[in-house]
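Residue numbering for the first sequence follows the numbering used here, starting at 5 and increasing by one per position.
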Amino acid sequence: MKLDKLIGERFKEKPADSVIESHGLMVRGGYIKNVANGLFSSFNIMRRIANKIETIIREEMDAIDGQEVLFPVVLPASLWEESGRYETVGRELLRFVDRNGSPMLLGMTHEEAAVHLVREYGQSYTKYPFMVYQLQTKFRDEARPRGGLIRVREFTMKDGYSFHTSHEDLEEYYERCHEAYEKIFARAGLPEVVSVASDSGMMGGKVAHEFMLLTAIGEDTIVTCSCCDFRANMEAAANIVLNESIEPLLPLQKIHTPGTVTIEEVCKHLKLPVEKSCKAVIYQKAVTQEYVVVFIRGDLEVNETKLRNHLKEEVYPATLEENSGLVAGYLGPHKTDKAIMLFDSSLRGINDLCCGANEEDYHFTGFQIDRDYGEVEYYDLAKAIPFGICPECGNSSLVILRGIEVGNIFQLGDKYTAAMDMRYTDENGDIKIPIMGCYGIGVGRLAASVCEARRDENGPIWPMAIAPWQVHICCLRADDDASKTYADELYENMLKNDIEAIYDDRIVSAGVMFSDADLLGVPLRVIVSPRNMEEAVCEITSRDKSIEMKVKLDEVIPTIKNLISQMLG
RNA sequence: CGGGGUGUGGCGCAGUUGGUAGCGUGCGUGCUUUGGGAGCAUGAGGCCGUGAGUUCGAGUCUCACCACUCCGACCA
Numbered sequence: 005m006k007l008d009k010l011i012g013e014r015f016k017e018k019p020a021d022s023v024i025e026s027h028g029l030m031v032r033g034g035y036i037k038n039v040a041n042g043l044f045s046s047f048n049i050m051r052r053i054a055n056k057i058e059t060i061i062r063e064e065m066d067a068i069d070g071q072e073v074l075f076p077v078v079l080p081a082s083l084w085e086e087s088g089r090y091e092t093v094g095r096e097l098l099r100f101v102d103r104n105g106s107p108m109l110l111g112m113t114h115e116e117a118a119v120h121l122v123r124e125y126g127q128s129y130t131k132y133p134f135m136v137y138q139l140q141t142k143f144r145d146e147a148r149p150r151g152g153l154i155r156v157r158e159f160t161m162k163d164g165y166s167f168h169t170s171h172e173d174l175e176e177y178y179e180r181c182h183e184a185y186e187k188i189f190a191r192a193g194l195p196e197v198v199s200v201a202s203d204s205g206m207m208g209g210k211v212a213h214e215f216m217l218l219t220a221i222g223e224d225t226i227v228t229c230s231c232c233d234f235r236a237n238m239e240a241a242a243n244i245v246l247n248e249s250i251e252p253l254l255p256l257q258k259i260h261t262p263g264t265v266t267i268e269e270v271c272k273h274l275k276l277p278v279e280k281s282c283k284a285v286i287y288q289k290a291v292t293q294e295y296v297v298v299f300i301r302g303d304l305e306v307n308e309t310k311l312r313n314h315l316k317e318e319v320y321p322a323t324l325e326e327n328s329g330l331v332a333g334y335l336g337p338h339k340t341d342k343a344i345m346l347f348d349s350s351l352r353g354i355n356d357l358c359c360g361a362n363e364e365d366y367h368f369t370g371f372q373i374d375r376d377y378g379e380v381e382y383y384d385l386a387k388a389i390p391f392g393i394c395p396e397c398g399n400s401s402l403v404i405l406r407g408i409e410v411g412n413i414f415q416l417g418d419k420y421t422a423a424m425d426m427r428y429t430d431e432n433g434d435i436k437i438p439i440m441g442c443y444g445i446g447v448g449r450l451a452a453s454v455c456e457a458r459r460d461e462n463g464p465i466w467p468m469a470i471a472p473w474q475v476h477i478c479c480l481r482a483d484d485d486a487s488k489t490y491a492d493e494l495y496e497n498m499l500k501n502d503i504e505a506i507y508d509d510r511i512v513s514a515g516v517m518f519s520d521a522d523l524l525g526v527p528l529r530v531i532v533s534p535r536n537m538e539e540a541v542c543e544i545t546s547r548d549k550s551i552e553m554k555v556k557l558d559e560v561i562p563t564i565k566n567l568i569s570q571m572l573g
């Protein structure tokens, strides 16, 4: 490919609406163009990257006995009625009618289609296990697309569905798939992607993992432990705690001996400067008689109407017994040793509850205490509490991180196969319901994640395995005959040697040429110029600047070949 | 779904008390340049988001709508 024939413009300035770097760089570099909210077209550069990622995914899925198939984007509503999801899934499922008035939908996930495809095939236990996967467009009418390709409404996804005759078999295969995913992310240049236990959400099933690229711009919150291997997303961590009633996870109880919470400590917990006085305003619910303690900056007032609306229950200022330890609206030292403060994340809209002037100054949160200061009832885990207690190792060592979810795997169980009447006959002649796993990777999101993690201020630094081209030939001074002649020849030779090269022979200044090359992020660069021609050399550099060498003209091709194979690992 | 913001050449922006639009960049052409986004000259390119209203007159004021966007909620 010659650069001056490459369709798509490169820009000096990033678009005004880009918030994260990968989005800005991919627009500036001519990778993608916004069409509408959450909808993008891809230029050739983007397609080349996506194609390479898809190839890696195919190879690893085939290696664990997957078979590529293809489901339709448009599905009849009747298929989703079989599983019950036509009714239960919200407006992110785009529903419409065809010319005959039949209700249809755009596939946002394909469990139903997968069961539909294989339920005749899978009538005998001898066929199991098996897995089908596809790489195809999904449409989800997201309420809020964001971050360029990180969260879009239409995207390409690899989704795979496995079918098994026992949970043991599913678990075994699930583990193989987990390993395949690790290989995929490592090959795509993100070996640091970690898997975390996750909640299965609308998918149903029990065990699930999300594969996360840890980054500050991530939209998912992950709970990890600095002492052991515990990793979970926020929802799963909450469930673990709720199910097991691990008392030490309550944040304030751990940080302090029960009954000794001070105003300073509350301020610290709420990340408020201590000098800004913090008060605890105490309400009591009319029906359940539970106390609700709202911590609020001292100079603000609680908006009681909003509090009522939020709790969906009448509240009134609490009348406290004298020895309750909650004195005069301030949370002072406790006198009852049974009292336990709870972070109540069910009050998550609480920033709306206060009234005052400066919106960003509102930091407070709610705690809920049961009436008797005895047995604890609470809504949720102590979310977003650094140094909370790890449910695995028990140390006060939880760390809260942000991440981008680049893939996920679920042990679905028989939710879909049972609902859709898929059956097989086992070796004893009994009729059984197969169980399923499902496995997804977002291709565009993965590409954007690599861009986010592998870049500098001038552009992306693509790993060799997914780079749009392997080598970028810059012919400085293409108006110089010797340089141009050699560069033309070099380009032809690369093509003959199956080296993927993009060739820039435009007559432009070096600055323009290098800036464009940086935006394309091709891992290896060969610089041909009059200055180099005098020495009978080319410069070979890597995009990440780890390689800078001068190579004799007749050694360029072998050197490049060698470097490519090294960089492919 | 709740709360903000913004809509003006391809991109980034300015536009004062209302008087039919300007800057940077990019694009075309010519000459000069050429190792990190060159210089001069010249040219093209705009229904100022849409629709009503106020006014002699609206990019500017009023109202409604639409689109995009940010924060939050939600999110196989």
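Glycine included, every Cβ here is placed at the ideal spot set by N, Cα and C.
State the start and end residues of the unbroken alpha helix (DSSP H) segment that holds residue i.
i: V454; result: V447 to A457
i: H182; result: H171 to R191
i: M65; result: N48 to A67
i: M576; result: For the chain, the structure presents residues 5 to 573; residue 576 sits outside this window and is missing.
i: S569; result: V560 to M571
i: F100; result: Element bounds for F100: not the alpha helix (DSSP H) but the beta strand (DSSP E), R99 to V101.
i: E86; result: A81 to S87
i: N497; result: D485 to K500
i: E25; result: E25 to R32
i: A521; result: A514 to L524
Smallest Cα separation from residue i: which of the options?
i: P149; options: K554, R449 and L217; result: R449
i: A184; options: V560, I413 and C479; result: I413
i: K419; options: T169, I439, F44 and I154; result: I439
i: Q127; options: D145, F167, R99 and I154; result: F167
i: E538; options: E91, S487, F518 and C479; result: S487
i: K56; options: C478, V516 and A469; result: A469
i: W84; options: G525, L98 and I435; result: L98
i: A201; options: K210, L194, G193 and P195; result: K210
Roughly how many angstroms separate the alpha carbons of residue i and residue j, rounded to a whole number?
i: R32; j: G463; result: 9 Å
i: T545; j: E172; result: 51 Å
i: D548; j: V93; result: 45 Å
i: D224; j: Y490; result: 51 Å
i: R191; j: Y507; result: 26 Å
i: R427; j: L74; result: 22 Å
i: I221; j: S45; result: 23 Å
i: K187; j: D102; result: 42 Å
i: E17; j: V39; result: 19 Å
i: F633; j: I465; result: Nothing about residue 633 can be reported from this structure: the residues present for the chain run from 5 to 573 only.
i: E96; j: R89; result: 12 Å
i: A482; j: I503; result: 22 Å
i: L528; j: P467; result: 10 Å
i: K387; j: N497; result: Bear in mind that the predicted position of K387 carries a pLDDT of just 37, short of 50, making it unreliable; the figure below should be weighed with that in mind. Answer to the nearest angstrom: the Cα atoms are 59 Å apart.
i: G525; j: D509; result: 17 Å
i: C359; j: S22; result: Note that C359 scores a pLDDT of 25, beneath 50, so its modelled location is shaky; the value from the coordinates is reported in the next line. Each residue's alpha carbon lies about 32 Å from the other.
Is the beta carbon of residue i less than 8 Å from the beta carbon of residue j?
i: M30; j: G164; result: no
i: E409; j: E25; result: no
i: A540; j: K556; result: yes
i: Q474; j: A212; result: no
i: G441; j: L174; result: yes
i: G34; j: I49; result: yes
i: C479; j: A521; result: no
i: E116; j: E86; result: yes
i: F189; j: F215; result: yes
i: T113; j: T141; result: no
i: L79; j: L109; result: yes
i: Y587; j: G70; result: Residue 587 is absent from the model: the chain starts at 5 and stops at 573.
Which residues bound the beta strand (DSSP E) around residue i?
i: I226; result: D224 to C229
i: K142; result: F134 to F143
i: K18; result: Note, K18: premise wrong, no beta strand (DSSP E); not H, not E.
i: T545; result: V541 to S546
i: M161; result: E158 to H168
i: D508; result: A505 to D508
Quickly, what does DSSP pair residue i with across the bridge? List them, please.
i: V198; result: M216
i: Q415; result: G441
i: C479; result: V532
i: M112; result: None, per the DSSP bridge assignment.
i: Y428; result: K436
i: K554; result: E543
i: S45; result: K37
i: A422; result: None, per the DSSP bridge assignment.
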